[in-house]
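If you count by mature numbering (1 follows the signal peptide of the UniProt record, and there is no 0), then the sequence shown holds residues -21 to -1, 1 to 130, one letter each, in order.
Quick reminder that beta carbons are idealized off the backbone N, C-alpha and C, glycines included.
Read the structure below first, then the notes.
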Amino acid sequence: MCIRVASIAILVVALFLPGQSKLIHTIAKAIPRPFLDKVSDKAKAEFWDVVKDTSLTVKQVREKQLKWAEKYKVKDQLKEFYKDFEELSNKVDKAVVRFLASLTKLYYQYIRVADDGRTLNDILTRRKEMVDKNKKEFKIILDALLQFRKN
């Protein structure tokens, strides 16, 4: 079990190590883009055509979008959109990393409750209290336990 927890920790760290490319957050199509409200339908179609071009890297897409935004006089709004989205995404990333780190600590507390010096009823009562106090975390932990027990 320790190997699994260590593997998850290494994966989380590796995700946030700097590389040669700039880390970005992909933006789902469903995310509103207010700058598109200021342009014609033809301009919107051009914008989405750039996004749909699967031969382009994300960097190339963003460069083309900036040229598009300049053409339609919404460059500042597009830059602001990217900046705001990245700031929010970075906050979310930090919250997720903190949450994942808390899972390891809670799981160790959970398994340490079970020792042969306690009654089964005491163990179950203590574990239930832990789960009740940390419902969100233990939903993930208990789902993981069930997943690994299947193997």
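- In terms of Cα proximity to D16, the closest of A48, V29, L85 and H4 is A48.
- Residue range K114 to K129 is occupied by the alpha helix (DSSP H) that includes L121.
- By the criterion of at least three beta-carbon pairs nearer than 8 Å, the stretch 33 to 46 is not in contact with the stretch 100 to 111.
- Of the residues E108, D63 and K84, the one whose Cα lies closest to the Cα of F14 is D63.
- Looking at K1, K114 and K70, the one whose alpha-carbon comes closest to that of Y86 is K114.
- Scanning its chain for C-beta atoms nearer than 7 Å, with the 5 sequence neighbours on each side dropped, one finds around S81 the residues E116, in chain order.
- For the options V110, I90 and K43, the alpha carbon positioned closest to that of L57 is the one of K43.
- Here the C-alpha atom of R97 lies approximately 38 Å from the C-alpha atom of K73.
- Contact between L67 and K54 is absent: CB atoms are separated by about 21 Å, not below the 8 Å threshold.
- In this structure, the alpha-carbon of A7 lies about 19 Å from that of V75.
- In this structure, Q88 places its C-beta atom within 9 Å of the C-beta atom of M109.
- Distance check between L121 and each of D94, I90, N100 and D95 places I90 closest, using alpha-carbon atoms only.
- Annotation: the continuous alpha helix (DSSP H) that includes Y61 extends over K54 to R91.
- For D20, the uninterrupted alpha helix (DSSP H) segment begins and ends at D20 to K31.
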